[in-house]
Amino acid sequence: MVHLNQPHSEVPRLYVVDDALFEQHRARGPHPERPERLEAARRAIERCAAAGLALERVAPRDATDEELARAHAPRYLESLRRLSGHYAALDPDTYLAPCSVDAAKRGAGGAVALVDAVLAGPGRLGVALLRPPGHHATRDAGMGFCILNNVAVAARAALSSGLSRVAVIDFDVHHGNGTQDIFWDDPRVLFCSLHQWPFYPGTGAADELGVGDGAGYTVNVPLSDGATDAVYEAAFDELLLPVLDEYAPELILVSAGFDAHERDPLAAMKLSRAGYAWMARRLAAMATAKAGGRLAIFLEGGYDLAALESSLAAALLAASGCEAAEEPAGASVPPAQPAQRAPISTRHRADLDRARRAALRRWTTL
3 MVHLNQPHSE
13 VPRLYVVDDA
23 LFEQHRARGP
33 HPERPERLEA
43 ARRAIERCAA
53 AGLALERVAP
63 RDATDEELAR
73 AHAPRYLESL
83 RRLSGHYAAL
93 DPDTYLAPCS
103 VDAAKRGAGG
113 AVALVDAVLA
123 GPGRLGVALL
133 RPPGHHATRD
143 AGMGFCILNN
153 VAVAARAALS
163 SGLSRVAVID
173 FDVHHGNGTQ
183 DIFWDDPRVL
193 FCSLHQWPFY
203 PGTGAADELG
213 VGDGAGYTVN
223 VPLSDGATDA
233 VYEAAFDELL
243 LPVLDEYAPE
253 LILVSAGFDA
263 HERDPLAAMK
273 LSRAGYAWMA
283 RRLAAMATAK
293 AGGRLAIFLE
303 GGYDLAALES
313 SLAAALLAAS
323 GCEAAEEPAG
333 ASVPPAQPAQ
343 RAPISTRHRA
353 DLDRARRAAL
363 RRWTTL
């Protein structure tokens, strides 16, 4: 079954944003966030084409000042304008090369262009191969390799186009503190993050739920190190998918970091390529059930090149329906059968129970 409402006779289509400018964001010395990551992501797209996905290139563009100002403070944007064209550092981890600000603006604009393409018709799957990544960039500052928050700029653009409910799912191994910060009080964006805990950047506790009208619309699932595919599957089935089902988003955006892979050098999780495929397949099924099949994936972290390539390819193929589907189409997405899942550790069960108790303050279907 093809998840994204594609007729059986139609080749599944993948909308792709990429730009040569993203290669020009490079540090003067060795750095984990390097142009080779983009090359690995491009090889993943080639794998998808070889497997039968029809690629449709979406032309990126620079984000406008108005689009950026929906997610970032004027003072921060002005500081980036002053630093553009120079080598600099936003923090000990986050470098600027002469083309970095231009690349970040092109990435944020490319994220908006991808959302526009996905919203142009039902059943559309898109991916943006963006550098620098974005989910650590807060309203007021860049950090954690990130300069502008691509997914937040894209979500705010979708809201400005008339949508009222956008979901952002972040499975990067690091908590998406910037996205959480930008939507902390905004119920129009449901932000859900699964991440290693405790870990950089130190945010993302289960009781960080949002404030004001946005209370409950931040759902954090902090996980102890060593979490396996089975732990992430349980988190989806017991927490994230029921919340998404109740929220009924009109668009699903994914901050897709592949640094929770067991090979990644910067973290200590145990996800496999199959685990990423499983998560993407479930999100695609939820998009079909609730969001007209509209799903957009944005590259975040992932620092082992082979793991990044294989996991991104597996996720996109699973989301497109180019492999056997596990879920029937319908109004909701049922959980996998517990008998099919490997057991999870006592500490990871405690992690999930803690996150569920916190989310129960807002979400009644858990």
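Numbered according to my numbering, the sequence shown terminates at residue 368, and the numbering increases by one at each position without gaps. Where is the CB? At the ideal position from N, CA and C, for every residue including glycine.
Point to revise | Unbroken beta strand (DSSP E) run spanning H197, endpoints | key: V191 to Q198
Practice task
Excluding the 5 residues preceding and the 5 following E248 in the sequence, name in chain order all residues of the same chain whose CB lies nearer than 8 Å to its CB.
Solution key: W365, T366 and T367
Among G111, E235 and A217, whose alpha-carbon lies nearest the alpha-carbon of A344?
E235
- Sequence-distant residues of the same chain with beta carbon closer than 6 Å to D142, five excluded per side: A75 and Y78
Quiz prompt | L243 versus F173: straight-line alpha-carbon distance, rounded | solution = 13 Å
Taking N152 as part of the alpha helix (DSSP H), name the residues at either end of that continuous run.
N152 to S162
Query - Euclidean distance between Cα positions of L131 and A361 - result: 32 Å
### Query
In whole angstroms, what separates the C-alpha of H197 from that of A262?
8 Å
Review point. Helix or strand or just coil, what does DSSP make of S334?
Key: Confidence at S334 is low in this model, with a pLDDT of 44, below 50, so the placement of that residue is unreliable and no value is reported for it.
- Item | Cβ pair A65, A110 closer than 7 Å | yes
Inspect the beta-carbon positions of H177 and G144 and report whether they are closer than 7 Å. no
#### Entry: Reference A321, options M281, F300 and A51, closest by Cα
M281
**OP:** From the DSSP output, in three-state form, read off F300 for me.
**Re:** strand
Checklist entry - CB-CB under 7 Å to T181, same chain, minus the five flanking residues each way: which ones, in chain order? => result H137, N151, V153, A154, V170, D172, F193 and S257
Would the stretch 20-34 count as touching the stretch 97-115 if we require 3 or more Cβ pairs under 8 Å?
yes
Q: Drop a sphere of 10 angstroms on the beta-carbon of A73, count the other beta-carbons inside from all chains shown, and report buried for 16 or more, exposed for fewer.
A: buried
**Q.** Limits of the unbroken beta strand (DSSP E) element including P244
**A.** Taken as a continuous stretch (DSSP letters only), P244 belongs to no beta strand (DSSP E), being part of the alpha helix (DSSP H) at L243 to Y249.
Locate the alpha helix (DSSP H) running through T181, then write down its first and last residues. N179 to I184
Extent of the continuous alpha helix (DSSP H) to which L314 belongs
L307 to S322
Checklist entry - CB D183 to CB T140, shorter than 7 Å? => result yes
Checklist line | Contact with chain D by A122, beta-carbon distance below 7 Å | finding: No chain D appears in the structure shown, which is made up of a single protein chain.
With a cut-off of 8 Å on the beta carbons, I'd call L285 and L297 a contact; round off their distance for me. 6 Å
task = Have a look at A270 and L165 and give me their C-alpha separation to the nearest angstrom.
result = 37 Å
Would you tell me roughly how many angstroms separate the C-alpha atoms of A91 and L23, rounded to the nearest one? 19 Å
Q.
For Y278 and A217, I'd like the C-alpha separation in whole angstroms.
A. 29 Å
Handout entry: C-alpha gap between A341 and H33, whole angstroms
Key = Its pLDDT being 44, under 50, A341 is placed unreliably in this model, and the value from its coordinates should be taken loosely. Approximately 43 Å between the Cα atoms of the pair.
Leaving aside the five residues before and after R36 along the sequence, list all residues of the same chain whose C-beta is less than 8 Å from its C-beta, in chain order. R28 and A29
* Asked: Roughly how many angstroms separate the alpha carbons of V168 and A51, rounded to a whole number?
  -> 29 Å
A56 in three-state terms, based on DSSP
strand
Quick check on the DSSP output: the alpha helix (DSSP H) that includes G109 runs from which residue to which?
S102 to L121
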